[in-house]
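Residue numbers (our numbering), protein chains in the order written: chain P, 148 to 663; chain L, 541 to 849.
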Amino acid sequence: MMSRAAESPRLAFLVLAHERLDLVQRLLRRLVSEGDAAFVHVDAKVPAEAFAAFRAEAERSGPGPVTVIDNRVRCAWGDWSLVEATLRLIEAAEERVDAATTHLYLLSGADYPTRPLAMLRRFLADRPGQDFIECVPMHVARWNDTWLLHERYWYRHYFHVRRQRRLFRWSMRLQEQLGLRRRFPAGLVPCLGSQWWCLRRATARAVAARLREPALARFFRTTWVPDELAIQSVAHAVSDSIANRLLTYYEFTDYGVPVVLHDGQEAFVLAQPFFFARKLSPYAEHLRATLDEVFDGRQAVDPPGDGYGKRLPDYERARLLFRHGLPGRRTLGWRRDPWWGELRDNTRPYFVLAGAEAQAEVLRDLADALNGEPGLLCHRDLFNKDRIGFAGGADCFGPFTSDQTAIAAQFPERVPLRGAGGRAAGPRERLRFHRWPGSGGARTVHWRSQRGDCSRRGRLEPGGQRRAAPLQRPNPGRGLAGEPAGTRSSGIRGPSRFRCRHLPANRTKRRAGHKI
Amino acid sequence: MAVQTDVVIIARRIKELRLLPLLSKPTRPVPATAEVVLLCLIETDPPPCLGAMLEHHRRSLVRHALLVVSSDVVLDDAIAREPTVSVVRYDAGRLQRRGARPLDALNASARRWLRDRWCLVVAPNEFFVHPFWPKRRVPELVAFLEMERRRHLQAVTVDLIEGEGVEPGGGILQPGQGFDRAGYVQSFWERQGMALVQGGPWLRGPFRHDPARAPVLNRTALFRWRRNLFLRRARADAFAGGILAVWPYRMMNTMHAVEHVSPVGALLRRFGHTVLAGTAPFAPGPTTVPLDDVSALERAGLMTRGQWF
């Protein structure tokens, strides 16, 4: 038979507060609104006057009891001080909470609840014997992409990686050369995970007791970012059931710091199957107000269900998308942009057709025929002095307008308008520029000459060995800004040569794409 | 090269120190609580949109403004009395006699009163916007930049094309205003690591036949003032007109992405340079589109959010 405590779990929230105590106050009012206890550690960097004012107000937050602990620690990122503050919170909670309290939940002052506490209680009641903490053994998988893994505990890190970067590296390199490598404490498996967790009370008590052992504390004190290592490794050893999923949503940037949530991301935050979100911008007033409505039950929200703790891929997709610019779209400052950059950086397949003035009609007919082909786009008269002949007679194509003829002459290497053979086209030459479809293979195009002598048939063949390797490139597959609809092209690098059988051999330009 | 660079820095410091007596004290001190300070040089009579510009940035939580004003300029009393505005006057005549320029007065003022502060440098008729504006404010952008360990933010100047019915004293997003969404060219100076953006109405109008000499539109708009920085005008051959194009020294104008794409903001400029006065008024077309929402700038590729999620 399930115990009464397991049927309706009670929580004690542990809050690490560093700044913006007014927002911490707002968080506390939410946390204790249903009678749960809260324990707050305020960074020792906060001045004494502000701390005293905060404590006086926080302890009146009610109806649940709020305890602001006195023995404060001066906290710093990647430092043992964060573990020390957490241990002090656990010990304070152990002293003061009643026997009915079943779980301890560690939060930051910048976090905020995304679902009602009643929903969290039901969730915990359905999973009575589990600890919700990330514990990823180092030998199994990488928890994050930081440059140090086992080096976190192999070497003694006496210097701060951000404030004393050179000393940090020098010290680690010296220990590496001297072979001063440490072993992980016996009985523990090195595990990494987020600093934030929800542990059963017994587990938290055991973790705090182990980490107070002098030898263990001495070991973890000189590890790198111990708040992601110490409690996780000990919890992995002392707990009999770890969910290895979190109830607090967070994302890390490329720089290893948490993503800040802003106004306008309300739907995104509420769609995440978590109970808390980390971390909210101090200016995200509308986001907080929306989450308040959800918390009070004025706005419905689904419980996380069995998919709890699994992030939606939106952020990861955006992060990777902007790592190297938006494919197929102009990106300011991005060197290898297809349309801002040089033609050699154009990731889209293309051909250049050149002919003499005498063959203007032939080429014009060919351009019309190519434009009739699905997926092909053929510009014409790119170096016309009066007007650039974009496909379809468009006034604007991508970032360029048709009346910018001077750009074509003065920035030939910066716009995709460049004469064959690395020089601007002469007055007697006409250029045709079009895109090659995704297949990358040879393509036969039919057109009829207006001279009416015969029905002509041309075969455009991407030739040469250079084409083979780029065919394996991933497909960006996005249209250009301002590009007419239906002109998407593949990410296959362009065929390096073309052959148009209807042009005389001496007039046909064969050039590799990046040399044109 | 390094020696030469140091010489330049020292020379400028000496020059700015000598200019300090020509500057008045700010009418009120810049408060320490202001995360970002607006820095604006007013050389001639300010445009009618100056008040709207200050209000626009105040709404973006740029809580304080430091206006460096020429002694010849008559500033509106209502603006000067604003509690969030500090005014520094410089003696234009003596400045000129010493062979200095108004920009040197701006540098000296910033070095004296804005050290280690985040500064937003705009012209009196420029409105700074960034991705996600107005839902996110400038201090949030600054927090993101600091998180990414970026010390500055680039912005591209976008000249607003105004039609009939646009209030001169109003802000941006008025009906009847538009901008060129196409017609911009970006080029790179490889050795200096710079990216230059040119184009917009300048290329359609005055520089139609000479695009290489068109003004450079991108510049460092938001940065933390360090002691080894100074602002200067745009590239010397890029139309040395009345455009305040301030670039901090030492590659602060780079937009290159080291690890990933850097965010880029936009400076919406009303009442552009007199050269643009002859440009046709706003009429929607394939190139010129109305400015209903600043996200249109992002869609046109004139603003980039980078990895700011």
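Where is the CB? At the ideal position from N, CA and C, for every residue including glycine. These figures come from a predicted structure and were not determined experimentally.
Boundaries cannot be given for residue 376 of chain P, as no alpha helix (DSSP H) includes it and DSSP labels it neither H nor E.
At least one CB of chain P lies nearer than 7 Å to the CB of residue 827 of chain L.
Excluding sequence positions up to five before and after residue 534 of chain P, its CB lies within less than 6 Å of the CB of 549, all in the same chain and listed in chain order. Taking 8 Å as the upper bound for CB-CB distance, residue 716 of chain L and residue 703 of chain L are in contact here, some 4 Å apart.
Residue ranges of uninterrupted beta strand (DSSP E) with 3 or more members, entirely inside the segment 225 to 262 of chain P and ordered along the chain, are 248 to 255. Against chain L, a Cβ distance below 7 Å from residue 406 of chain P picks out 849. Annotation for residue 512 of chain P: the continuous alpha helix (DSSP H) segment containing it runs 507 to 519. Across the structure, residue 277 of chain P and residue 346 of chain P are spaced so that their CA atoms are roughly 8 Å apart. Bridge pairing for residue 278 of chain P: P/389 [DSSP]. For residue 824 of chain L, DSSP records no beta bridge to any residue. Against chain L, the beta carbon of residue 542 of chain P has neighbours under 7 Å at 826, 827, listed in chain order. Per DSSP, residue 437 of chain P lies in no beta strand (DSSP E); the unbroken alpha helix (DSSP H) holding it starts and ends at 432 to 443.
Residues 201 of the same chain have their beta carbon placed closer than 6 Å to that of residue 168 of chain P, with the five preceding and five following residues left out of the count. In this structure, L/651 is the residue among L/727, L/640, L/609, L/651 with its C-alpha nearest to the C-alpha of residue 770 of chain L. Residues of chain L with a Cβ closer than 8 Å to the Cβ of residue 462 of chain P are, in chain order, 849.
Residues 671, 672, 681, 684, 803 of the same chain have their beta carbon placed closer than 8 Å to that of residue 848 of chain L, with the five preceding and five following residues left out of the count.
Here residue 218 of chain P is exposed, its C-beta having fewer than 16 other C-beta atoms within 10 Å. Here DSSP, grouped into helix, strand and coil, assigns residue 686 of chain L to helix. The straight-line gap separating the alpha-carbon atoms of residue 585 of chain L and residue 613 of chain L is approximately 5 Å.
At a cut-off of 7 Å between beta carbons, residue 844 of chain L contacts chain P.
Across the segment 420 to 438 of chain P, CB contacts with chain L closer than 7 Å involve 428, 430, in sequence order along the chain.
Taking 7 Å as the cut-off, the Cβ atoms of residue 723 of chain L and residue 739 of chain L count as close. Against chain L, a Cβ distance below 8 Å from residue 465 of chain P picks out 847, 849.
In the displayed model, residue 714 of chain L falls within coil according to three-state DSSP, outside both helix and strand.
Burial check for residue 564 of chain L: the Cβ neighbour count within 10 Å stays below 16, so the residue is exposed.
At least one CB of chain L lies nearer than 7 Å to the CB of residue 410 of chain P. In terms of Cβ geometry, residue 811 of chain L and residue 642 of chain L do not form a close pair [threshold 7 Å]. Annotation: the continuous beta strand (DSSP E) that includes residue 758 of chain L extends over 758 to 764. Apart from sequence neighbours up to five positions away, the residues of its chain that approach residue 843 of chain L with a beta-carbon distance below 8 Å are 669, 670, 671, 696, 804, 805, 806, 834, 837, ordered along the chain. Looking at the backbone, the Cα of residue 745 of chain L and that of residue 664 of chain L are separated by about 23 Å. Judged by DSSP in its simplified three-state form, residue 538 of chain P adopts helix. A direct Cα-Cα distance of roughly 59 Å separates residue 828 of chain L from residue 318 of chain P.
In the three-state DSSP reduction, residue 702 of chain L falls in the strand class (E or B).
Residues of the same chain with a CB within less than 6 Å of the CB of residue 583 of chain L, apart from the 5 flanking positions on each side, are 610, 642 in chain order. For the pair residue 304 of chain P and residue 414 of chain P, the Cα-to-Cα distance works out to about 42 Å. Interface residue (Cβ-Cβ distance to chain P less than 7 Å): residue 722 of chain L is classified as such.
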